[in-house]
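Position 100 of the sequence shown, counting from 1, maps to 100 under the UniProt record's numbering, and the rest follow consecutively.
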Amino acid sequence: MDGIAPKAIITDQDKAMKNAIAIVFPESQHRLCLWHILKKIPEKLSSYTSYKSGMKNALMKCVYDRQTVEEFEKCWDHFITSYKLRENVWLSSLYTDREYWVPAFLKDYFWAGMSTMQRSESMNAFFDSNVHAKTNLKESPIEKRFQELYTNVKFREVQMQLTGIIDLDPKLLKRDDAIKTYLVEDEVRVEEFTKLVTFSVDFSEEDADAKCSCGLFQMRGILCRYIFAVFKCNEIKSLSEKYILDRWRKDIKRIYTLIDTSYDAGDQRPDTIRIGWITTGANWVG
């Protein structure tokens with residue numbers, strides 16, 4: 001990494017690795033893999049009689065449906081109390097580490113494509129087979145701008161978001177001087193469930209700046225369909241340069257394209273802190 005620490009690191013639940021990262025990369029944002037955590041739910045909770053009668057759904061609502069820290073805290077407390085889970089060691093450990101894995105805590109950090117919510121499978125399947133960098137979709141000035149600047153892979157991601165505004169209908173909730181707040185309802189798939197989720201978008205008329213509660217731009221560097229839908233409502237034809245990220249541009253020369261990593265076969269004790277060991281177990285976000 002040329003002596004430069006990664007901005008973010010994503011790992012599984014390994015206490016030794018967590019401690020090592022805190023020491024070796026104190027300025028890097030560390031996140032636990034949400035997928036690995038949720039995969040353990042049946043193993044950890046299925047022995048409860050209430051597991052199939054609402055417990056799992058209640059837990060998933062806390063994780064995915066609560067878009068702010070305050071909402072999550074209230075939901076989690078209600079979940080733990082309702083199902084009498086105060087003594088569950090696994091859930092207690094998850095709550096202690098909640099800032100490392102709960103989406104509501106992580107929306108303001110850039111994760112370069114590691115998403116937490118996904119569109120319904122039918123919509124994704126349609127885009128996967130029909131939308132690509134050369135698809136002709138009555139191109140808007142905004143879409144054309146991204147196509148000119150972004151790599152094909154990243155433009156396709158933007159194009160999928162733009163195409164996704166077709167069935168969205170932002171509703172103006174309130175207006176405070178030059179700031180408008182919209183609510184946008186969308187069908188979102190979480191695990192095996194599909195549900196309607198309402199997102200909030202704050203839009204500034206002065207500088208055409210927008211921020212969505214879904215946090216897609218902050219986490220992945222790609223504007224979400226909800227912001228694009230609000231832009232359309234306000235007839236925004238061009239974007240601020242803040243939304244055009246250098247890391248996705250095809251006209252930027254990279255200093256490196258491949259990082260070679262050597263692995264030390266020496267001391268293998270779990271408490272040994274070594275760069276190679278952390279690199280092996282982590283997903284790096286530059």
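Where is the CB? At the ideal position from N, CA and C, for every residue including glycine.
* Given a cut-off of 7 Å, decide if residue 199 and residue 226 are closer than it, judged by their beta-carbon atoms. => By 1-based counting over the sequence shown, the position of residue 226 is 226. By 1-based counting over the sequence shown, the position of residue 199 is 199. It is a contact, given that the beta carbons lie within the stated cut-off.
* Cβ neighbour criterion (16 or more within 10 Å) applied to residue 87 -> Counted from its first residue, the sequence shown places residue 87 at position 87. When all chains shown are included, residue 87 counts as exposed.
* Please name the residue or residues paired with residue 212 in a DSSP beta bridge. => Numbered from its first residue, the sequence shown carries residue 212 at position 212. Its beta-bridge partners are 201.
* With C-beta atoms as the reference, is residue 29 less than 7 Å away from residue 108? -> Numbered from its first residue, the sequence shown carries residue 29 at position 29. Numbered from its first residue, the sequence shown carries residue 108 at position 108. Result no, Cβ atoms of residue 29 and residue 108 do not sit closer than 7 Å.
* May I ask you to verify whether the segment 198-214 touches the segment 181-188, counting CB pairs closer than 8 Å and requiring at least 3? => yes
* Check the C-beta distance from residue 238 over to residue 170 and give it rounded, since I have them as a contact under 8 Å. => Translated into positions along the sequence shown, residue 238 becomes position 238. Translated into positions along the sequence shown, residue 170 becomes position 170. No, residue 238 and residue 170 are not in contact; Cβ-Cβ is about 19 Å, not under 8 Å.
* Exposure of residue 4, with buried meaning 16 or more beta-carbon neighbours within 10 Å -> The residue labelled residue 4 in the question sits at position 4 within the sequence shown. Exposed.
* Asked: What are the partner residues of residue 180, as DSSP defines its beta bridges?
  -> To locate residue 180, count along the sequence shown from 1; it is residue 180. In the DSSP output, where bridge partners are listed per residue, residue 180 has 175, 203.
* To do: Give the DSSP-derived three-state secondary structure of residue 91 in the structure shown.
  => Within the sequence shown, numbered from 1, the residue matching residue 91 stands at position 91. Three-state DSSP puts residue 91 in a helix.
* Selection from 89, 222, 215, 102 that minimises the alpha carbon distance to residue 161 -> Counting from one through the sequence shown, the residue named residue 161 turns up at place 161. Of the listed residues, the one whose Cα sits closest to residue 161 is 222.
* For residue 50, which residues of its own chain have a beta-carbon under 7 Å away from its beta-carbon, when the five flanking residues on both sides are left out? -> Here residue 50 refers to the residue found at position 50 of the sequence shown. Same-chain partners within the cutoff: 83.
* So is residue 287 buried or exposed if we call it buried at 16+ other beta carbons inside 10 Å? -> This structure cannot speak to residue 287, because the chain is shown only from 1 to 286.
* To do: Determine the DSSP secondary structure at residue 96, reduced to helix, strand or coil.
  => Numbered from 1 along the sequence shown, position 96 holds the residue referred to as residue 96. Residue 96: helix per DSSP, three-state reduction.
* Asked: Start and end of the beta strand (DSSP E) containing residue 29?
  -> Position 29 of the sequence shown holds residue 29. Residue 29 -> beta strand (DSSP E) spans 29-32.
* DSSP-derived helix/strand/coil call for residue 8 -> If you number the sequence shown from 1, residue 8 lands on position 8. Strand, per DSSP.
* May I ask you to report which of helix, strand or coil DSSP gives residue 249? => Locating residue 249 in the sequence shown gives position 249, where the first residue counts as 1. If DSSP states are grouped into helix, strand and coil, residue 249 belongs with the strands.
* To do: Between the Cα of residue 42 and those of 59, 245, 101, 99, spot the shortest distance and give me the residue it belongs to.
  => As a first step, residue 42 must be located in the sequence shown, where it is residue number 42. Nearest C-alpha to residue 42: 59.
* Taking the CB atoms as reference points, tell me whether residue 229 and residue 165 lie closer together than 7 Å. => In the sequence shown, the residue the question calls residue 229 occupies position 229. In the sequence shown, the residue the question calls residue 165 occupies position 165. Contact: yes.
* Asked: Is residue 95 closer than 7 Å to residue 248 when the C-beta atoms are compared?
  -> Taking the sequence shown and counting its residues from 1, one reaches residue 248 at position 248. Taking the sequence shown and counting its residues from 1, one reaches residue 95 at position 95. No; because the gap between Cβ atoms is not below 7 Å, this pair is not in contact.
* Quick one: what's got a C-beta closer than 7 Å to residue 66's C-beta in the same chain, skipping five residues either side? -> Within the sequence shown, residue 66 is the residue found at index 66, counting from 1. Here the set comprises 72, 75, 104.
* If you run the structure through DSSP and keep just helix, strand and coil, what is residue 150? -> Sequence index remark: in the sequence shown, residue 150 carries index 150 (1-based). It is a strand residue.
* To do: Would you give the residue range spanned by the alpha helix (DSSP H) that residue 69 belongs to?
  => Position 69 of the sequence shown holds residue 69. Residues 69-82.
* Between the CA atoms of residue 44 and residue 174 - distance to the nearest angstrom -> Looking up residue 174 in the sequence shown gives position 174. Looking up residue 44 in the sequence shown gives position 44. Whole-angstrom Cα-Cα distance: 43 Å.
* Please work out which residues of its chain come closer than 6 Å, Cβ to Cβ, to residue 91, disregarding the five sequence neighbours upstream and downstream, and give them in chain order. => Counting from 1 along the sequence shown, the entry for residue 91 is found at position 91. Cβ neighbours of residue 91 beyond the five flanking positions: 85.
* Could you check where the alpha helix (DSSP H) with residue 226 kicks off and where it finishes? -> Here residue 226 refers to the residue found at position 226 of the sequence shown. Unbroken alpha helix (DSSP H) run through residue 226: 225-233.
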